[in-house]
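A.B. asks: Structure in structure tokens, see below.
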Amino acid sequence: MRSLTVQNLSFAFGQLPVIDDVSFDARAGEIIALVGPSGCGKTTLLRCIAGLLRPDGGNVCIDGKSGRERLALCSFVFQRPTLLPWLTISENLELPPKLRNASISSQTIRAWLADFGLSAFEQSLPSQLSLGMAQRVAFVRALAEERPVILLDEPFSGLDELSKRELALLLSTTIAGNGLIGVVVTHSISDAVFLADRVVVLSPRPTHPVRTIGVSLPHPRTAGQWLGPELVPFMREVRTVLDEGVRTHAR
Amino acid sequence: MRLSRYLGPLVALAVVCGVWEAVRILGALPPVILPPLADVWNATMHEPRFAFHVLVTLREAFVGFVLGNALAFMAAVAMVRWRFLETSIMPYAIALKTTPVAALAPILILWLGGGWQANAAAAAAVAFFPTLVSLVRGLRLVDAPDHREFRDLFASWGVGWIKTLIYLRLPFSTPLLFSALKVSSSLALVGAMVGEFISANAGLGYLVVRYSRQLDTAHMFSAVIVSALVGVIWYYLVEAAELLFSRRMVDMGPHYITTGQQ
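Residue numbers (my numbering), protein chains in the order written: chain A, 1 to 251; chain B, 1 to 262.
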């Protein structure tokens with residue numbers, strides 16, 4: 001059974017404490033959203049989970065594996081698409097396995113691109129794609145790695161509402177449908193509530209969880225739910241807890 | 001567009017030739033200072049073994065260019081891999097850069113003898129620096145905050161340093177590398193000719209010195225013009241290679257490299 005456990009994680013940039021005793025866990029098919037005030041350390045937390053930063057304390061465990069072993073079990077989607085501009089879309093998707101001396105078949109690539117509505121762009125360069133399309137390719141690249149955990153750092157930043165909704169729906173379907181675990185960092189309460197099964201609300205820096213709010217709506221989410229009335233109570237609750245965290249921190 | 005690209009330089013050349021001939025015909029400068037263009041043309045056409053002298057200089061400059069750039073490439077990669085090497089080597093590279101090649105050439109001739117090898121070494125010494133500096137900067141582009149996500153992406157894939165160098169750092173550095181190679185190609189020619197000024201019995205630099213001693217200005221100009229032509233051709237050859245190797249980079253323009261987005 002797939003699982004992600006973050007246990008008592010702490011991290012400091014030199015003398016500056018950034019993450020203070022963060023714990024949460026997730027099961028297969030679940031999406032966790034990390035929401036907090038700007039600069040609280042959400043991205044740093046995600047990088048610690050990914051193994052891009054070494055935490056000062058605590059532990060991250062994926063499918064029972066911790067340390068460097070877990071690195072091969074998660075893939076990362078950055079705020080920007082980070083497609084290599086000199087490679088075509090299909091070459092960009094072939095690169096991660098190639099760097100591991102493995103390969104991915106062109107049928108698999110075509111199938112992924114078709115699922116994400118990118119069939120016509122297999123041989124295009126990233127510069128020929130819109131930002132929303134490029135970010136979809138970045139998702140495909142992460143998903144094609146077939147790792148159990150997918151970590152997403154502000155994946156919708158800079159996207160218009162329609163592209164955002166389209167991507168959020170694709171993510172909800174793919175992560176829940178394939179039994180993966182998604183961890184999304186976002187500053188948008190509506191994005192977090194639409195996507196996640198649970199929203200972990202973080203305090204200002206040094207960040208720690210103020211409260212975890214469950215979003216009791218089944219996956220996959222539907223286009224009609226985007227900014228819809230059924231999400232509003234959850235959004236209000238997240239906002240209240242965020243305010244509470246900021247107030248407590250100020251005292 | 002294409003026509004103006006070729007027409008512009010031709011018009012500029014015609015204007016320079018016109019002014020040259022006008023100044024000469026008006027008698028403002030004596031022929032020993034400004035020879036008739038026809039004499040320069042005749043000197044170029046009738047110089048015995050001109051092609052041989054061009055090839056001698058080209059050999060020195062090309063060997064120097066390859067050697068200087070190969071060393072610069074290795075030094076840049078080592079400096080990017082081990083930062084302490086940059087602080088250790090860079091001051092000496094700057095010292096080498098600020099030392100005039102005319103001062104360096106006699107030492108190289110003393111060490112390597114008066115043959116073409118010393119002139120190639122002088123060419124290598126001047127070709128080294130621009131590539132080193134640009135390549136160090138180019139290879140470090142992905143460490144800058146604007147592009148750090150690319151480096152983190154490779155780290156998230158668990159890719160080692162050498163593969164990151166080959167698949168990420170080097171392609172990112174190609175625009176800067178080719179700019180440096182263009183500068184370096186011209187400098188290699190200068191280095192080789194300066195070496196020939198001091199000690200040589202063949203080459204374009206040797207011709208300039210020989211004819212200056214004879215006050216044969218037409219022949220001097222012909223050697224200078226041919227060396228300039230060789231430099232221009234070499235420059236455009238590097239540019240052609242750049243287009244060939246980094247067509248996709250050129251297509252997307254420098255903006256993409258800076259922001260990572262369209």
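Where is the CB? At the ideal position from N, CA and C, for every residue including glycine.
Please decide whether residue 157 of chain B counts as near chain A, where near means a Cβ-Cβ distance under 9 Å.
C.D. replies: Cβ-Cβ to chain A under 9 Å: yes for residue 157 of chain B.
A.B. asks: Who are residue 48 of chain A's beta bridge partners in DSSP?
C.D. replies: According to DSSP, residue 48 of chain A bridges with nothing at all.
A.B. asks: What is the DSSP secondary structure of residue 216 of chain B, counted as helix, strand or coil?
C.D. replies: Three-state DSSP puts residue 216 of chain B in coil, outside helix and strand.
A.B. asks: Kindly indicate the opening and closing residues of the alpha helix (DSSP H) around residue 64 of chain B.
C.D. replies: Note, residue 64 of chain B: alpha helix (DSSP H), 50-81.
A.B. asks: Quick one: is residue 17 of chain B buried, meaning 16 or more other Cβ sit within 10 Å of its Cβ, or exposed?
C.D. replies: The residue in question, residue 17 of chain B, is exposed, as its Cβ has fewer than 16 Cβ neighbours within 10 Å.
A.B. asks: Confirm, please, whether the CB-CB distance from residue 195 of chain B to residue 105 of chain B is below 9 Å.
C.D. replies: Yes, the Cβ-Cβ distance between residue 105 of chain B and residue 195 of chain B is below 9 Å.
A.B. asks: Using only alpha-carbon positions, find the residue among A/147, A/79, A/150 and A/109 that is nearest to residue 131 of chain A.
C.D. replies: The shortest C-alpha separation from residue 131 of chain A is found at A/79.
A.B. asks: To the nearest angstrom, report how far apart residue 236 of chain A and residue 139 of chain B are at their CA atoms.
C.D. replies: Each residue's alpha carbon lies about 48 Å from the other.
A.B. asks: For residue 262 of chain A, report the span of its beta strand (DSSP E) as first-last.
C.D. replies: Residue coverage of chain A in this structure runs from 1 to 251, which leaves residue 262 of chain A outside it and unanswerable.
A.B. asks: So residue 119 of chain B is in the alpha helix (DSSP H); what residue range does that whole segment cover?
C.D. replies: First-last of the alpha helix (DSSP H) with residue 119 of chain B: 116-139.
A.B. asks: Out of A/34, A/11, A/211 and A/16, point me to the one whose CA is closest to residue 151 of chain A's CA.
C.D. replies: That would be A/34, whose Cα lies nearest to the Cα of residue 151 of chain A.
A.B. asks: With distances taken from CA atoms, which of A/243, A/170, A/188 and A/83 is nearest residue 221 of chain A?
C.D. replies: When only C-alpha atoms are compared, the closest one is A/170.
A.B. asks: Examine the Cβ distances between the segment 150-166 of chain A and the segment 91-111 of chain A and report whether three or more of them are shorter than 8 Å.
C.D. replies: Contact between the segment 150-166 of chain A and the segment 91-111 of chain A is absent, because fewer than three Cβ pairs lie under 8 Å.
A.B. asks: Does the segment 100-117 of chain B come into contact with the segment 44-51 of chain B, if we say contact requires no fewer than three beta-carbon pairs (one atom in each stretch) closer than 8 Å?
C.D. replies: Verdict: no, contact absent.
A.B. asks: Can you tell me whether residue 40 of chain A is helix, strand or coil according to DSSP?
C.D. replies: Coil.
A.B. asks: For residue 24 of chain A, tell me which candidate among A/227, A/144, A/214 and A/187 has the shortest Cα-Cα distance.
C.D. replies: When each option's Cα is compared against that of residue 24 of chain A, the closest is A/214.
A.B. asks: Please name the residue, chosen from A/217, A/195 and A/189, that lies closest to residue 243 of chain A on a Cα-to-Cα basis.
C.D. replies: Residue 243 of chain A has its Cα closest to that of A/189, out of A/217, A/195 and A/189.
A.B. asks: Going along the chain, which unbroken runs of the alpha helix (DSSP H) with 4 or more residues stay wholly within the segment 16-51 of chain B?
C.D. replies: Complete alpha helix (DSSP H) runs here, min 4: 37-46.
A.B. asks: Look up residue 159 of chain B in the DSSP assignment and say whether it is helix, strand or coil.
C.D. replies: Looking at residue 159 of chain B - three-state DSSP - the assignment turns out to be coil, as it is neither helix nor strand.
A.B. asks: Which word fits residue 197 of chain A, buried or exposed, when buried means at least 16 other C-beta atoms lie within 10 angstroms of its C-beta?
C.D. replies: So residue 197 of chain A counts as buried.
A.B. asks: By the DSSP assignment, the beta strand (DSSP E) with residue 26 of chain A in it spans what residues?
C.D. replies: Unbroken beta strand (DSSP E) run through residue 26 of chain A: 16-27.
A.B. asks: Where do the N-terminal and C-terminal ends of the beta strand (DSSP E) with residue 152 of chain A fall, by residue?
C.D. replies: Residues 149-153.
A.B. asks: Under the three-state reduction of DSSP, which class applies to residue 116 of chain A: helix, strand or coil?
C.D. replies: Note: residue 116 of chain A maps to coil in three-state DSSP.
A.B. asks: Give the residues of chain A in contact with residue 171 of chain B, contact being defined as C-beta atoms less than 8 Å apart.
C.D. replies: Within 8 Å Cβ-Cβ: 84 and 86.
A.B. asks: Buried or exposed: which applies to residue 86 of chain A, given that a residue is buried once 16 or more other Cβ atoms fall within 10 Å of its Cβ?
C.D. replies: Buried, because 16 or more other Cβ atoms sit within 10 Å of the Cβ of residue 86 of chain A.
A.B. asks: Buried or exposed, going by whether 16 or more other CB atoms sit within 10 Å of the CB of residue 92 of chain A?
C.D. replies: It counts as buried.
A.B. asks: Answer with buried or exposed for residue 243 of chain B, where buried requires no fewer than 16 other C-beta atoms within 10 angstroms of its C-beta.
C.D. replies: Classification for residue 243 of chain B: exposed.
A.B. asks: Just to confirm the assignment: which complete alpha helix (DSSP H) runs, minimum length 4, are found wholly within the segment 181-218 of chain B?
C.D. replies: 204-213, all fully within the segment 181-218 of chain B.
A.B. asks: Can you pull the chain E residues whose beta carbon is under 8 Å from the beta carbon of residue 149 of chain B, in chain order?
C.D. replies: Of the protein chains in the structure, A and B, none is chain E.
A.B. asks: For the 8 Å Cβ check, are there 3 or more pairs between the segment 61-71 of chain B and the segment 116-126 of chain B?
C.D. replies: Contact holds: three or more Cβ-Cβ distances are below 8 Å.
A.B. asks: Quick check: the segment 163-172 of chain B against the segment 141-155 of chain B, are at least 3 beta-carbon pairs closer than 8 Å?
C.D. replies: In short, these stretches touch, since the Cβ pair count reaches three.
A.B. asks: Could you round the C-beta distance between residue 11 of chain A and residue 48 of chain A to whole angstroms and report it? I think they count as a contact, below 8 Å.
C.D. replies: At roughly 5 Å, the Cβ-Cβ gap stays under 8 Å, so residue 11 of chain A and residue 48 of chain A are in contact.
A.B. asks: When the Cβ atoms of the segment 209-224 of chain B are set against those of the segment 172-180 of chain B, are three or more pairs found closer than 8 Å?
C.D. replies: With a cut-off of 8 Å, the segment 172-180 of chain B and the segment 209-224 of chain B do not count as touching, because too few Cβ pairs lie within range.
A.B. asks: The alpha helix (DSSP H) with residue 266 of chain A in it runs from where to where?
C.D. replies: Coverage of chain A is limited to positions 1 through 251, which leaves residue 266 of chain A absent and any answer about it impossible.
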